[in-house]
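Visitor:
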Amino acid sequence: MSKDLDERIERFAKLLYKSRYPVFFTGAGISTESGLPDFRGPDGVWTRRDKGLAAEPVSKPWDSFEPNSGHLAIVELQKIGKLKFLISQNVDNLHLKSGIRPDLLAELHGNLTKLRCSRCEKTVDQSSGKKTCPCGGALESSVVNFGQPLPERDLSLSFEHSEKSDLFVAVGSSLVVTPAADMPREALRSGAKLVILNEGETPFDRYAHVRFSEKIGEVLPMAVKRLKILMGLE
Ligand SMILES: [Zn+2]
C-alpha cells in the first residue's frame, strides 16, 4: 500500500473513531464492484429506460448479485455502533441483503424487490404477491423513475440525519443530481466532516476532509479494520 493511501486510511479511521453521529451515503459505485451495472450512469438501465431505450442485457438475474466487501464493511460499522444512518441511491437491495437494519436505511430511489403503497407509502416484498395494501391503496413498484417524486419518508429521514451528522461519508456517488447533492451540503452546513470515496470527481471534492478514488471494496474494509484497532476491538 502506498504511504499516501495508508495515511488517508488512518485519517478516515480517526474521524470515524471520534464521530458520534456517522452517516453514510451510497450510490451506484459501491454496487458496480458486485458486478451490477450502474443504473443511473450514462448508459444505466434507468437512464436508458427514461430515454425509451431498451436496457442493456444483464448477465444474471438481479437477485443473484451479492453484497461485496464495501457493503459488508458498512454492516461491520453498524455492528460496532458506528453507523447512525445510511442513505442510498441504489435500488439493488444489496444493503438489506448484507444485513443493514431497515430502520437505519433510506432508499431514495426505491428498491427493486419491494412494492410501495400509493396511499400510505408502506413497502412490502414483491415476492408476497400482494396487489393491495391493508389501507386499501394500490401496491406499485417502489422504484422511482426519472421525474417521479422521491418517497417522502425516506427523503425527510435523509435530511434529518444529514443535518444531525458530525461525519458524512459519501461512497460511490458523483453527488451531482439533487437531492443527492443536497445531503452533503446539509451535513457541511451543520459542521460535519466530509469523507468522499468515489472514482470520479464530485462537486464536493474541495470540501472533503479525506478523499479516496481507490476501490471502495478495498478502502472501506481497511478503514474499518483500523477503526476497530483504535476502539480496542482488534
Ligand atoms: Zn397503504
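Here the sequence shown is numbered in the numbering used here, starting from 1079 and rising by one per residue. Ideal placement from N, C-alpha and C gives every residue a C-beta, glycine not left out.
1) Could you check if P1227 is buried or exposed, using at least 16 other CB atoms within 10 Å of its CB as the buried criterion?
2) A1106 and G1295: beta carbons closer than 8 Å?
3) By Cβ distance below 8 Å, which residues in the same chain neighbour S1176 in space, the five residues on each side in sequence not counted?
4) Tell me the DSSP bridge mates of A1216?
5) In whole angstroms, what is the alpha-carbon distance linking S1147 and K1096?
6) Applying the criterion that 16 or more other CB atoms from any shown protein chain within 10 Å of the CB defines a buried residue, is A1265 buried or exposed?
7) Can you give the beta carbon distance from M1261 to I1178, rounded, assuming they're within the 8 Å contact cut?
8) Checking 8 Å against the spacing of the C-beta atoms, do L1186 and V1221 come in under that value?
9) Which ranges does the beta strand (DSSP E) cover as unbroken runs of at least 3 residues, wholly within the region 1173-1206, from first to last along the chain?
10) Using the Cα positions of F1143 and L1275, report the straight-line distance between them to the nearest angstrom.
11) Would you call P1100 buried or exposed, if buried means 16 or more other Cβ atoms sit within 10 Å of its Cβ?
12) Determine the DSSP secondary structure at L1245, reduced to helix, strand or coil.
13) Just to confirm my understanding: we take F1290, look at its own chain, exclude 5 residues before and 5 after, and list those with CB closer than 6 Å. What are they?
14) Using a threshold of 7 Å, is the CB atom of R1197 nearer than that to any non-hydrogen atom of ligand 1?
15) What would DSSP say about R1086, mapped onto helix, strand or coil?
16) For ligand 1, I want to know if K1208 counts as a neighbour, meaning its beta carbon is within less than 7 Å of at least one of the ligand's heavy atoms.
17) With a Cβ-Cβ cutoff of 8 Å, do D1244 and K1271 count as a contact?
18) Using the three-state DSSP reduction, which class does V1101 fall into: helix, strand or coil?
19) Skipping 5 residues on each side, what residues in its chain have a beta carbon closer than 7 Å to that of Q1204?
Guide: Reading from the atomic positions:
1) Along the sequence shown, read from residue 1 onward, the residue named residue 1227 stands at position 149. Counting Cβ neighbours within 10 Å, P1227 comes out exposed, since fewer than 16 surround it.
2) Along the sequence shown, one-based indexing puts residue 1106 at 28. Along the sequence shown, one-based indexing puts residue 1295 at 217. No, the Cβ-Cβ distance between A1106 and G1295 is not below 8 Å.
3) Looking up residue 1176 in the sequence shown gives position 98. Once the five neighbours on either side are set aside, the close Cβ partners of S1176 are P1145, H1149, L1150, I1152, V1153.
4) Here the question's residue 1216 lines up with position 138 in the sequence shown. BP columns for A1216 point to T1210.
5) Position 69 of the sequence shown, counted from the start, is the residue given in the question as residue 1147. Position 18 of the sequence shown, counted from the start, is the residue given in the question as residue 1096. Taking the straight line joining both Cα atoms gives about 23 Å.
6) Counting from one through the sequence shown, the residue named residue 1265 turns up at place 187. Buried: at least 16 other Cβ atoms inside 10 Å.
7) On the sequence shown, residue 1261 is found 183 positions in, with the first residue counted as 1. On the sequence shown, residue 1178 is found 100 positions in, with the first residue counted as 1. No, M1261 and I1178 are not in contact; Cβ-Cβ is about 17 Å, not under 8 Å.
8) Taking the sequence shown and counting its residues from 1, the one referred to as residue 1186 is at position 108. Taking the sequence shown and counting its residues from 1, the one referred to as residue 1221 is at position 143. For L1186 and V1221, no; Cβs fall outside 8 Å.
9) 1183-1185, 1192-1195, 1201-1203
10) Looking up residue 1143 in the sequence shown gives position 65. Looking up residue 1275 in the sequence shown gives position 197. Those two C-alpha atoms are separated by around 22 Å.
11) Walking along the sequence shown from the start, residue 1100 turns up at place 22. By the neighbour-count rule (16 or more Cβ atoms within 10 Å), P1100 is buried.
12) Within the sequence shown, numbered from 1, the residue matching residue 1245 stands at position 167. Three-state result, L1245: strand.
13) The residue labelled residue 1290 in the question sits at position 212 within the sequence shown. Listed in chain order, the non-local C-beta contacts of F1290 below 6 Å within the same chain comprise L1275, V1297, local neighbours out to five positions each way being set aside.
14) On the sequence shown, residue 1197 is found 119 positions in, with the first residue counted as 1. For ligand 1, at least one heavy atom lies less than 7 Å from the Cβ of R1197.
15) For the purposes of this step, residue 1086 is identified with residue 8 of the sequence shown, where counting begins at 1. The three-state reading of DSSP puts R1086 in helix, counting H, G and I together.
16) In the sequence shown, the residue the question calls residue 1208 occupies position 130. For ligand 1, not one heavy atom lies less than 7 Å from the Cβ of K1208.
17) Taking the sequence shown and counting its residues from 1, the one referred to as residue 1244 is at position 166. Taking the sequence shown and counting its residues from 1, the one referred to as residue 1271 is at position 193. Yes, the Cβ-Cβ distance between D1244 and K1271 is below 8 Å.
18) Counting from one through the sequence shown, the residue named residue 1101 turns up at place 23. Correct three-state label for V1101: strand.
19) Here residue 1204 corresponds to residue number 126 of the sequence shown, with the count starting at 1. Here the set comprises T1191, K1192, L1193.
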